[in-house]
Amino acid sequence: MTNDILVFAEQRNDRLHPASAQIVTAAKALAEKTGGKVVAAIVGHELSQAVDAIDRTGVNEIIIVSDKALANYSALAYRTALTAVMEQVKPRVFLLPATFMGRDLAPRVAARCKAGLAVDAIEVRLGEDGRLDVKRPLYNGKATCHVSFAPERPVLVSIRPNSYAAAGGPGGAARKNLAYQPRPGDDRITVREVIRTGGEIKDVTEADIIVSGGRALKSAENFQMLYDLARLLDAAVGASRAACDAGYQPHSRQVGLTGKTVTPKLYLAFGISGAIQHLAGMRGSKVIVAVNTDPEAPLVKVADYAIIGDLFKIVPLLTEECRKLRA
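All residue numbers for the sequence shown refer to the working numbering, where the first residue is 2 and numbers rise by one.
Encoded structure:
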């Protein structure tokens, strides 16, 4: 086992996922302690733009596993590819973003490599004794725990998006190609096509900005206001459970304990009172802005900024100002 830190540079259609640049920041801090290099592994097909993007984060080396069979994500094929990278690099720590892909891959690769595993981390660091300390949230952020790993074996850690700032660097990393060699059984899953739902609006778990609405919007048609604002902000559209149960939005956009847990840089909540289950799903947001007619609403009390007023007046005003700024 080396002192190197390996990161999974997740990409989709040759576009680097923003969370990949963020985990490089954590990897650099660990590499300073271990004295090793930061090595990025990227898997897929026709990856020139994504490779250039991860190079600009300041990694020392990039291992490229490119094959037509890897053009679409397949858990088994990507597991085999990353296992081969692990066997070549022999890293002390392997970091992955805690995205849908990262959550799917981390336990599969850890099992193959007989490595330790910690998921959904918000902080990683090496102690003076060489043990890896991983900080993880519990009970939807109400508490945290620390998981410690001995230095004798490799560890895989998936890190929650937006836990670290994106890394930057001079570029010029060494690039190495590693051939994909499928293992028996990898073809049990064959991905023919990936169809994206929701148009160009991002998924709430992967966005830096979320524009979220509650039952106060009164109809699915009124949610179009939030979609217009989200497009200007390059944001995702979320919804409370009440809004989803009323049929205003699909449950795939629900934020909360029974929906999705999000940690954006900016969370804009329109007409959401802030039930406990909703707060549990978004309390990790860096900045929270609440727009509500009730100054005593729970979400207003926890927000960094609050606007007490009618969302049907405020949303159009915000949208118009955003248009002016973009112009």
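Where is the CB? At the ideal position from N, CA and C, for every residue including glycine.
Distance, Cα to Cα, residue i vs residue j?
i	j	result
Val-303	Ala-281	12 Å
Ala-32	Ala-180	26 Å
Val-60	Lys-69	25 Å
Ala-119	Leu-106	12 Å
Lys-177	Arg-93	20 Å
Gly-1	Gln-225	Nothing about residue 1 can be reported from this structure: the residues present for the chain run from 2 to 328 only.
Asp-15	Ser-21	13 Å
Tyr-249	Asn-293	18 Å
Gly-275	Met-283	10 Å
Val-52	Asp-246	42 Å
Leu-326	Lys-314	19 Å
Leu-319	Ala-328	14 Å
Leu-258	Glu-153	37 Å
Glu-321	Glu-124	38 Å
Pro-19	Arg-13	11 Å
Arg-104	Glu-47	24 Å
Met-102	Gly-170	25 Å
Val-301	Glu-222	25 Å
Closest to residue i by CA distance: which of the options is it?
i	options	result
Lys-29	Glu-62, Glu-194, Gly-239 and Ala-111	Glu-62
Ser-75	His-18, Gly-45, Asp-305 and Ala-51	Gly-45
Ile-277	Lys-266, Ile-55, Val-288 and Gly-260	Gly-260
Ser-164	Val-263, Arg-16, Glu-33 and Asp-235	Val-263
Lys-251	Leu-118, Gly-37, Arg-284 and Ser-220	Reading the sequence as shown, one finds Pro at residue 251 and not Lys. Per the Cα distances, Ser-220.
Ala-307	Asp-187, Gly-170, Ala-291 and Glu-321	Ala-291
Arg-193	Ile-24, Ala-72 and Pro-19	Ala-72
Pro-155	Gly-173, Pro-185, Gly-172 and Gly-117	Gly-117
Gln-23	Gly-186, Ala-54, Asn-14 and Leu-48	Ala-54
Gly-166	Leu-319, Arg-13, Thr-58 and Ile-289	Note on residue identity: the sequence assigns Ala, not Gly, to residue 166. Considering only alpha carbons, the answer is Thr-58.
Gly-142	Phe-313, His-279 and Pro-19	His-279
On the CB-based measure, 16 or more other CB atoms within 10 Å of its CB, does residue i come out buried or exposed?
i	result
Thr-26	buried
Thr-145	exposed
Val-195	exposed
Val-256	buried
Ile-202	buried
Glu-11	buried
Ile-273	buried
Asp-305	exposed
Tyr-79	buried
Asp-188	exposed
Arg-324	exposed
Ser-49	exposed
Leu-17	buried
Leu-312	buried
Gly-172	exposed
Does any residue of chain C bring its CB to less than 8 Å from the CB of residue i?
i	result
Ala-291	The structure shown contains no chain C; it is built from a single protein chain.
Just checking my contact of residue i with residue j at CB under 8 Å: how many whole Å lie between their CB atoms?
i	j	result
Ala-42	Ile-64	5 Å
Lys-91	Thr-3	5 Å
Ala-244	Leu-218	7 Å
Arg-109	Ala-122	Not quite, the Cβ-Cβ distance comes to about 18 Å (not below 8 Å), so this is no contact.
Leu-269	Val-212	5 Å
Ser-241	Arg-216	7 Å
Val-39	Val-8	7 Å
Asp-56	Ala-168	That belief does not hold up - the Cβ atoms of Asp-56 and Ala-168 are roughly 11 Å apart, past 8 Å.
Leu-267	Val-288	5 Å
Ser-286	Pro-317	With a Cβ gap of about 24 Å, Ser-286 and Pro-317 do not count as contacting.
Pro-185	Thr-81	About 10 Å separates the two Cβ atoms, so there is no contact after all.
Phe-271	Gly-214	5 Å
Ile-210	Leu-234	5 Å
Ile-190	Leu-77	5 Å
Check whether the Cβ of residue i sits closer than 7 Å to any heavy atom of the ligand ADP, and report yes or no.
i	result
Asp-68	In terms of ligand content, the structure shown is empty, and the ligand ADP therefore cannot be addressed.
inquiry  = Measuring CB atoms only, is the segment 292-303 touching the segment 202-213, in the sense that at least three cross pairs come out at less than 8 Å?
reply    = no
Stretch pair the segment 111-121 + the segment 83-97: three plus CB contacts closer than 8 Å = yes
task = Tell me, please, whether the segment 147-159 touches the segment 116-135 by the rule of three or more beta-carbon pairs shorter than 8 Å.
result = yes
query = Are three or more beta carbon pairs between the segment 97-106 and the segment 160-179 nearer than 8 Å?
reply = yes
task = Could you say if the segment 118-130 and the segment 223-240 meet the contact criterion of at least three C-beta pairs nearer than 8 Å?
result = no
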